[in-house]
Each structure stands twice: as C-alpha cells, then as structure tokens.
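Sequences listed follow chains A and B, in order. All the letters of the first sequence, read from the start, carry residue numbers 204 to 362 under this note's numbering. All the letters of the second sequence, read from the start, carry residue numbers 238 to 1003 under this note's numbering. Take a look at the structure set out below.
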Amino acid sequence: MSKIHVTTTVNGDEVEFLCDSRETLLDVLRDRLNLTGAKEGCGTGDCGACSVEVDGRLVCSCLMLGAEAEGKSIATVEGIAEGEELHPLQKKFIEYAALQCGICTPGILVAAKNLLERNPDPTETEVRYWLAGNLCRCTGYDKIIRAVMDTAKDMREAS
Amino acid sequence: MALDEYKPQKGGTEYDPEKTEFTFVGTRPDRPDGLDKVTGRAKFGADMSAPGMLHAAIVRSPHAHARIVKIDTSKAEAMKGVKAVVTRADFADDIPFKPGMGGELWNVLENVMAGEKALYDGHAVAAVAATSALEARDAAKLIEVEYEVLPHVTDVDKAMAPDAPVIRAGTRDRSVPEGFNENVVRYHESGHGDVESGFAEADLVIEDHFKTEATHQGYIEPHACLAMLGNDGKGELWCCTQGHWNVQKLCAALVGIEQSQLRVTASEIGGGFGGKTAVFIEPVALALSRKANRPVKLVMSRSEVFRATGPTASTSMDIKIGMKKDGTITAAQGTFRLQGGAFPGAPCEFTAMCAFAPYALENVHQVGYDVMTNRPKQAAYRAPGSPMAAFAVESVIDELCKQLDLDPIEVRLKNASKEGTKASYGPRFQRIGLVETLEAAKAHPHYSAPLKPGQGRGISCGFWFNHGGETSVTLAMSEDGSAQLMVGTPDIGGSRASMALMAAEELGIPYENIRVTIADTASLGYNEVSHGSRVTYASGLATIQAARDTVRKLKKRAADKWGIDEDAVYWEDGYAKPSGPNAGEFEPMHISKICAKMGATGGPIVGHYEATPEGAGVSFATHIVDAEVDPETGKTSVVRYTVVQDAGKAIHPTYVEGQYQGGAAQGIGWALNEEYIYGEDGRLQNSVFLDYRIPVASDLPMIDTVIVEVPNPGHPYGVRGVGETSICPPLAAIANAVSAAAGARLRELPMSPPRILAALEKQANG
Ligand code: FES
Ligand code: FES
C-alpha cells in the first residue's frame, strides 16, 4: 500500500514524513519522528497520556490520524521547555512531587499548559474538570492539582 | 512474606534509638529523575527501539473456556513482512505440572501461551512478528484457531458448587479438605482460642456476607518490551517490570536458556501496583526474536491489559463478630473465598491473616479458599488480599458500634493490637503504631468537623505485613568524592530520591552528589521484585549498609595515610577525623581528598551489601472519609478524606504522602466504581478505560495525610514500607460513610449507583 506524504510543523520545526493511512498522529510522533514523550495509555481517547496541541487545541493524538497533521502546527511535551529553561509547570511538578511513576506527566503537562494559556486564574474545580481526561493512577491527583494552581498563581504574580 | 516474628539481625541493621537527628533524611529534595520525567525524555517500556526491529502481535482466545483443536498459521506465515510465528510448541517442554503453587513455573508458561486449552477470554494462543505493527496486527488476524468451546464459570461461589465445570483436574494441593469441587485448589486455616465460647460471652453478635468484584491495578503504562535472542542462547531484554531478576529467571526457564545468559534491563515503569511482578509478553517476544533472529518489540493494547493481565481476586466472605456492650470484641470468625482466575494463587491466606490483625483477640478463627475460574490469572495488587478482608470486617465492626451506640474510634482503640499482642495470624507483634494512628485520627479536626445534611462519616483501620526480600546494593566512589549508587529495585514512585537521601546521610555528602542507577541484571546481584512495600525498607537498609561499608574503607585510607589504627578514625559530615587526642593530631580529611588518591592508596573504593532482610515492620493505618449519597441517582461523592498511617520513619515525606494519597484514590475507585464485568458468555465486557472507569481528577477531593512515625525495630532509621497499607482501609471506610449517609449497608463492591439505588429501595420497603 502506498504511503501518504505529510508536511507539518512539530514544536516549531518543519518536518516531513510518510505514513500509512491507518497510523495515528501518536504512532507517527513516536515511531516515525522519535518523539516518545507522548505516551499510549489506551489508544481510545480515554487516558490523555497522548495529549498534544494541534494549532493550539488540546487533542488526544491517538484519536487523530497522522495524515491529518498536514499543514498543522503540533506541540508536544518535548517543546514545553525553552532551551534549558523548564516551564514553570515542569519545575513545580518536580518540586511538589506531582508525579510518581511519571507516565501520565507528559500528557498532564501539555493539558495544564493549555489550560493556563486560556485561563490564567482557574478555580480548583476548573482544574479538576480540565484534567478529567488525563488519568493518573499513582497520585490521587492531589499534588497535581496543587502544582497547577500554584503555578498559575506564580505566573500571575510574575506577569 | 515476612510472616514470622521479628528476629534481631546481625550487623547493625536493627533500629538505632540514638539516631534521632538527621541531616538529609526527612527533607524533601527534588527527585533525581525529575527533569527526565517532566520533559518526556525518560524511557518507559514502549519508548525503546533497535535497528532492524520487528513488531509483534498476539492472538487471543475469544472464549472463556475452550479446547484448542487446531492452529493454522500458514496464511499468516505466507504474508509479506511476516518474519516469525510462535505457538506453545516454541517454548520449553520440560517444565513439569505440579499441584498447587508447586507448579508455578508451569502455571506461568500456561498463562503466557495456552497449551491444550484456552482458559479465559483473552488467553494468548499464538503470536506473530512482522516488519511493522500494522502488518503484525493484520497477520494475527490470519492465524486460524479452531476451538471446541467448553462450559465455563467466572463467579467464585458458582465455581465452588459441586456441578461447576472443572478448570483443571489435579491442581488442588493437599491442604484442601475432602468434599469440595476440584476448583478449590488451596485451603488456609488459622487462629487461636475458642470462638464459640467467645460468641457466647458477647452482648451482640453480627454475622454477615460480603462480596467484592475483581479490580485491575490500572497502571497507565501497558506492558511493553523489546527482546533480542539468538540461537546461541544469549539474550537481551528491555521491559517495564517491578523486578527484572524475576523476569530473567522466568523468561530464561520458559524459552529454555541459561538464566545468566539473559540480560534484563528495567525501563522506567509507568505504574505497577503489583501487576508488573509477573511475565506475560516478555517470553513471547524472546521466542519470536529467536525465530526471526531480529529484535522484537511487543506492546500490549489497553484491552489486552484488562483481559489478560492480573486483576485482583474477587471474593465472597462471611464474617461473624461478637462484642460486649462496652465495646470489647469477644470473638471473630471469617471465611474468605477468593477466585484468582484459571490458576492457583489467589491470596486467600493473606486475606484470612490480615482480616483481624488490627485487633487483640482471645478468640479468632479464619478460613481461606483459593478457587479457580475461567478468568485471567490474578496478580498482586497493593497489599494483595487485605483490602477485601478489611471491607468485610470493618463493616461489621461499624455495624456493631452503631447498634451498641459506641464511638467507632474508641471501640477500635479498646481492641487495638499493640506491642506484644498475639496477632490473629500467629506471631506476637513487635513495636507497632496502630494506637498512634487511631489517636491521631481522633485528634484530627476532620473527625469532629460538622457534616452537612446528606453526608456521612466512616472510618476504618487497615493492616499489611510488609516485606524484606533478597537485596543487593553497590556504592562506588568517584575520584571527585561523588558517589554512584546501584540498586536493583525499579523506581516506581521516587525511590531514587529516598535511596540518595539515605546514602547522603551515611556518607555525609550532599544529596545531589549521589547518582542513583537502577542496575540491569548483569551489573548487580539478585534483587527481588519491588513488591511488599519493600523498596525503601530493604533497598534502603542495603543502601545504608553499603554506605557504611564504603565509609569503613574510606576511614582505612585516612588511617593508613596518618599511620594510625583504623579504629582511631571516625567519620563525620564527609570527613575522616582522628577520634581523640590519643589518636594523634591530624587535619580532618575530606572524602574528595581521600577519593582523589584512591588509585594510589589501594585502588577503587566500593562498598556493597547483600542480604535478605527480615525485619520489615508491619504497618497500620486509619482512614476517615466523608461521603455524600445522591438518593435520586445513587451516585456517591467522597467530599473529604484523611489518611493517617504509620511510616516508621518517613525518608522523603512528600513521596510518603504520595503513597498515602495514591492508595486512598485507588481504594475509592475500588469501593465506588471499578469492577470486572463478565457476560453470560464468559467474556469481559468492559476492557477499555471508558467502561472500566478509574477515578479521574473531578471525582476526588484533596486527600489529607498524617504521617505517624513509630520506628520499625528492624531498620536502622526505623523505616516501615508505606506503599500498600494505604489501600486497605478505604473500601470499608467508604462503605461505613455510605451507611451513615444513606442509612443503607452495602455488602457488595463496587457501591455503584445501581447497587446504591437497590439498597435504598430495599431500605424504604423495610
Ligand atoms: S492513548 Fe490517547 S487517550 Fe489514551
Ligand atoms: S504518576 Fe503514575 S500515572 Fe500519574
């Protein structure tokens, strides 16, 4: 079967790839572009471990085809830090131990960053509902929610 | 498991009551692997690739119980891109079947790849490797399996019935009394005193029946591995596991090679909770790799994880407890029936032994049955067997308190096990902290906070044994005075940080100067699986001992340099110092100075420790929960939650809190929503996260924690494992809160909306 040629932007870099029409964006990121930061926890859109931004919108990359990335701008966990400077959310997640195993962390960071860009002052309930699509089995979410809320506060104070 | 009484250990591994001041232990530094894990660069099971790598897929039985008549692989083998197909014939044929747990290796093989029969929906029957994952999946569909479907059973009580279909004749061991269906494969009985006379002394006796459904550990990372095996019998394996030496041992046996010839590297692990202590896909990937002579990557789908990897046992339990008007428990009796799938091993003895452990009882008797059904082989899940027992026992105690109008914490304090109590399961307790957790719960503002209308409060205690296990640690000094610590227990939740803290404490060098590596199987002696809450206890103890061994060697170098006896040197804050005026006048020598010269003063400085520590102190917890039940929808919301647990000594308190919170959250899921649902056809009906719903962020409140520290006599700093006990109390605590909120007692888990509505209706109809 002939492959599809796709040109897209990932974390600001222009990339080209060939993919099968059945491959998901997550498959392409992980297996063709070697960006293994996004994880596959379910492949059915239920766990959020594969969260990425497509043109600024939060999506489950396991639910989007690789071919659909044509002409889009994709942002993954690998692009959150600026050079050696971690994003405030990344720093706070380490400081608060908002991760135990860390498999959910890439997806949660992408989702939380997307939230704070839309809403710099979310309530606890808003954070909980925004992250309701990102499963974490280890932490009980307590430290994750606190890390997101306190990062938002720090960022508000800094701006 | 360390079920025996604590034995004092040789060589300074016992608790040192003098050591109360710590420099590093008890602080909360950033974890060493934090940056890797927030940037996406940490490599988990599915994140590794190799040149020339193939991808694999597994063919699984759609039937709960079926004879495999024929497997035709010819069409798959003829497909372009397919490089290897394996069935049971490609695995070792010299592994003997034995009854009970004696044949565990055979059980593992039979579970990894079905032999004559498929024993549950999802049982692997064949596998294929091809040049891409899509091709492998397509090829799997071309493998034709002819089945003769057999009658099946998936419920524990039904499987014990005389006419139930027998899963595998000859499996029961000699512990099982006469007269049971052959599906009852193991039996446990323990206790002391005379329960009948105890019940006669009681003012109130309550007897009740409880059931819990199977739940899955639900780690977010599916099982994944990358295998390379040549026909020279040498292999490499990368996989996500809680214990890579165990993987090495099992895989080598299953594919018929020498253990030492298989080097296993543990990837970062995306959760395990007991479910990654077994092997499933690893031997299959190795067999495919050997046949294709190429590396093979095999990753499970979520639905494969649910259908074919370890859920917990489901249970059916009878509890009878007698109490006096003043709250004294006079006798307790429990019968625990656990189904653990199509293999022996459901932890019926743990359920029975944990059930009444929190209480000092004169008369106690417990019985456990291990029952086989057509379900996947159960695997350990966080304090395996204990949460279900606590659900049943603590519900009955709550009901007794209610009917006798007694405070549930006072009653538990009155009966609580203490140091010297003869445990319900046999030995006498050493120093334990149950009373302290109950006192802390009583004093916590949560316990006296007013409730809103429609809310109810529940409490429960919980118990877990904790474990030591085979452990091996090496600490190598570098020339600049920094240290490389090699441990063999995968870091599932921040254990690198606690190991580095303990090493820093002993060496007297900064936490940041220690690099902790999870060594592969070729680089360190055997390490038991990361289970039984053993890592901070056992790897921690070994780290302390390896650091002390290193310090001894460092002191010797200083003593030689100064020309004095090594006993005249002591170690403080990273310096060798002469121990007093008699030892001579010498400038303290810093670790970096000693290490800079190590090549010329006797060679590399390396400390190590190997042992099977047996002093894992048992651990207790008390949880308080407020729940609200919506009488219209039957939905239960947890509105406030407090965990109080004895950690012995918290090395990194933030990660201890994390264990408490995580256990509580998993318990909330188990109590309210999670369950394996089987259809009449014996197929699992909810094998995706949409249908098997674990708690999400919007389901939960903040989870408050209180760390109680009653030192464990078997660890130099007093550490007790903390990972598992936290899941023991939630099931009962929530059931008790629901009972207080809604007036209805739920005896079956999960307390899902339909069950709550049914209970409310029953209540209303009297
Ligand atoms: S892998 Fe995409 S949502 Fe789970
Ligand atoms: S930290 Fe393990 S799943 Fe979130």
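From the three backbone atoms N, C-alpha and C, an ideal C-beta is built for every residue, glycine too.
Mapping DSSP to helix, strand and coil, what is residue i?
i, result
"B:Val217", "Since the displayed chain B opens at 238 and closes at 1003, residue 217 of chain B lies outside it and no answer follows."
"B:Phe1006", "In the structure as shown, chain B starts at 238 and stops at 1003, and residue 1006 of chain B therefore has no counterpart that could be examined."
"A:Leu238", "coil"
"B:Pro815", "strand"
"B:Gly699", "strand"
"B:Glu647", "helix"
"B:Phe328", "coil"
"B:Asp810", "coil"
"A:Ala296", "According to the sequence shown, residue 296 of chain A is Phe rather than Ala. The answer is helix: DSSP assigns A:Phe296 an H, G or I state."
"B:Gln485", "helix"
"B:Ile914", "coil"
"B:Ser963", "helix"
"A:Cys265", "helix"
"B:Pro687", "coil"
"B:Ala713", "strand"
"B:Phe436", "helix"
"B:Glu822", "coil"
"B:Val947", "coil"
"B:Asp309", "strand"
"B:Glu476", "The sequence given here places Cys at residue 476 of chain B; Glu does not occur at that position. Here B:Cys476 sits in strand by DSSP."
"B:Asp555", "strand"
Which same chain residues end up closer than 7 Å to residue i when comparing Cβ atoms and leaving out the 5 residues on each side of it in sequence?
i, result
"B:Val349", "Ala361, Leu491, Val516, Phe517, Pro520 and Val521"
"B:Glu242", "With a pLDDT of only 43 at B:Glu242, under 50, the local geometry of the prediction cannot be trusted, and no value is derived from it."
"B:Pro245", "In this predicted model, B:Pro245 has a pLDDT of only 41, less than 50, meaning its place in the structure is not dependable enough to derive any value."
"B:Arg992", "Leu983 and Glu985"
Given residue i, which residues of its chain have a CB within under 8 Å of its CB, disregarding the five upstream and five downstream residues?
i, result
"B:Gly511", "Gln454, Gln479, Gly547, Ala616, Ala617, Tyr618, Arg619, Pro621 and His768"
"B:Asn468", "Arg527 and Asn530"
"A:Cys341", "Leu302, Gln303, Cys304 and Cys307"
"B:Ile646", "Leu675, Ala678, Lys679, Tyr684, Ile696 and Thr859"
Strictly below 7 Å CB to CB, what residues from chain A border residue i?
i, result
"B:Ala901", "Gly343"
"B:Ile267", "Correcting the residue type first, residue 267 of chain B is Asp in the shown sequence and not Ile. Correct list: Ile297 and Glu298."
"B:Gly508", "Cys304, Ile306, Arg340 and Cys341"
"B:Gly271", "Ile297"
List the residues of chain B that residue i touches, going by C-beta distances under 9 Å, in chain order.
i, result
"A:Glu281", "Thr276, Gly277 and Arg278"
"A:Asp357", "Those do not exist, as A:Asp357 stays about 16 Å from chain B at its closest Cβ, beyond 9 Å."
"A:Leu261", "The premise fails here: A:Leu261 is roughly 15 Å from chain B at the closest Cβ pair, so nothing lies under 9 Å."
"A:Arg331", "Val933, Ala934, Ser935, Asp936 and Leu937"
"A:Gly365", "The question about residue 365 of chain A has no answer, for chain A in this structure spans 204 to 362."
"A:Thr354", "Residues of chain B passing the Cβ test: none, with the nearest at roughly 12 Å."
Which residues of chain B have a Cβ atom closer than 8 Å to the Cβ of residue i, listed in chain order?
i, result
"A:Glu243", "Ala283, Pro459 and Val536"
"A:Ile348", "Ala934 and Met939"
"A:Leu289", "Leu272, Val275 and Thr276"
Could you name the residues of chain B that residue i contacts, counting a contact when the two beta carbons are closer than 7 Å?
i, result
"A:Asp249", "Val925, Phe926 and Leu927"
"A:Phe296", "Val275"
"A:Leu232", "Within 7 Å Cβ-Cβ: nothing; A:Leu232 doesn't reach chain B, min ~10 Å."
"A:Ala335", "Val933, Ala934 and Ser935"
"A:Leu338", "Ile457, Phe926, Ile931 and Val933"
What in chain A is Cβ-close to residue i, meaning under 8 Å?
i, result
"B:Glu985", "The contacting residues do not exist; B:Glu985 stays about 24 Å from chain A at best."
Please list, in chain order, all residues of the same chain as residue i whose beta carbon is under 6 Å from its beta carbon, the five residues on each side excluded.
i, result
"B:His446", "Asp555"
"B:Phe612", "It should be noted that the sequence gives Arg, not Phe, for residue 612 of chain B. Excluding sequence neighbours, B:Arg612 sits near Tyr357, Thr391 and Gly578."
"B:Ala775", "Gly705, Gly706, Thr708 and Pro850"
"A:Gly310", "Gly251, Ala252, Ser254 and Asn337"
"B:Ala981", "Ala996, Leu997 and Gln1000"
"B:Ala363", "Val296, Ile308, Thr324 and Ile380"
In chain A, which residues lie with their C-beta within 9 Å of the C-beta of residue i?
i, result
"B:Glu505", "Cys304, Gly305 and Ile306"
- [ ] Residues of the region 871 to 899 of chain B with a CB closer than 7 Å to any CB of chain A: list them in chain order, please.
- [x] Thr891, Tyr892, Gly895, Gln898 and Gly899
TODO: Could you please tell me which residues of the region 298 to 323 of chain A, in chain order, have their CB closer than 8 Å to any CB of chain B?
DONE: Glu298, Tyr299, Ala300, Leu302, Gln303, Cys304, Gly305, Ile306, Cys307, Thr308, Pro309 and Leu312
Task: Near-chain C residues of the region 431 to 459 of chain B - C-beta to any C-beta below 9 Å - done: Note that chain C does not occur in the displayed structure, where the protein chains are A and B.
TODO: Could you name the residues of the region 370 to 381 of chain B whose beta carbon sits closer than 8 Å to any beta carbon of chain A, in the order they occur along the chain?
DONE: Ala370 and Leu371
Task: Cβ-based contacts, 8 Å cut-off: residues of the region 536 to 550 of chain B near chain A - done: Val536, Ser538 and Arg539
- [ ] Could you list the residues in the region 710 to 740 of chain B with a C-beta less than 7 Å from some C-beta on chain A, going in chain order?
- [x] Ile729, Gly730 and Gly731
Task: Quiz: which residues have CB nearer than 6 Å to ligand 1 non-hydrogen atoms - done: A:Glu243, A:Gly244, A:Cys245, A:Gly246, A:Gly248, A:Asp249, A:Cys250, A:Gly251, A:Ala252, A:Cys253, A:Cys263 and A:Cys265
Task: Against chain B: residues of the region 213 to 233 of chain A by CB proximity under 7 Å - done: Asp223 and Arg225
TODO: Quick one: which residues of the region 301 to 334 of chain B get their C-beta closer than 7 Å to a C-beta of chain A? List them in chain order.
DONE: none
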